[in-house]
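Asks: For what it's worth, the numbering used here labels the leading residue of the sequence shown as 29, then goes sequentially. To start, I am sharing the structure in question, which I have written as C-alpha cells.
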Amino acid sequence: MGRFSRTLERLSTENQEAGELKNDAARAGCQLISSQADRCMATIHGVLRSVTLRPVDGITALEAELYDGSDSVTLIWLGRRKIEGISAGRQLTAHGRIGMRGTTRIIYNPRYELDA
29 MGRFSRTLER LSTENQEAGE LKNDAARAGC QLISSQADRC MATIHGVLRS
79 VTLRPVDGIT ALEAELYDGS DSVTLIWLGR RKIEGISAGR QLTAHGRIGM
129 RGTTRIIYNP RYELDA
C-alpha cells in the first residue's frame, strides 16, 4: 500500500469512529461538545482518551480528556489522585459548566455516570 492509500484508510477509520461516537452521544440524549457555548451547563457523552494526574495551581488534580467525535473537553477533579472506574477507553456521561483554560475546554469537578 502506498502512503496516500494508508493515509486515506486511517482518515476514513477515524471518521467512522467519530461518527459512531456522535451517534452514541445522541442516543445518550446529550449534545455534542462542539455545539456547547463557553460557560454553559452541559451534559456530554464520550470516551476518555487519556487520564493523567497533575498539579493545577498547586493542587493535585486528576484530569481526563473526554472525546465525543466532534471535539474534546478536559474533565478536572481537584484534590483527587484516583477515581475508581475513570480510565482511558471508558465511556461516560459528564455534567457540569464548560469553561476555557487557554484554548482548552474544561469542566471542573463534573458529575459523571460511567457506562457499563
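Glycine included, every Cβ here is placed at the ideal spot set by N, Cα and C.
Should R133 be labelled buried (16 or more other beta-carbon atoms within 10 Å of its own) or exposed?
Replies: Label assigned to R133: buried.
Asks: Should the segment 44–51 be called in touch with the segment 83–90, which here means at least 3 C-beta pairs below 8 Å?
Replies: No, they do not touch.
Asks: By alpha-carbon positions, which one of Q119, R67 and T80 ends up nearest to D96?
Replies: Taking only the C-alpha atoms, the option nearest D96 is Q119.
Asks: In whole angstroms, what separates the C-alpha of G117 from that of G30?
Replies: If I take the Cα positions, the gap works out to 30 Å.
Asks: Is the beta carbon of D85 sitting closer than 8 Å to the one on G127?
Replies: No, these two residues do not count as a Cβ contact at 8 Å.
Asks: With a CB to CB cut of under 8 Å and the five nearest residues on each side skipped, what residues in its chain are close to K50?
Replies: So the list reads L60, D96, G97 and S98, once near-sequence residues are dropped.
Asks: Among the residues of its own chain, which have a CB less than 7 Å from the CB of E141, if the five just before and after it don't count?
Replies: Here the set comprises L120 and T121.
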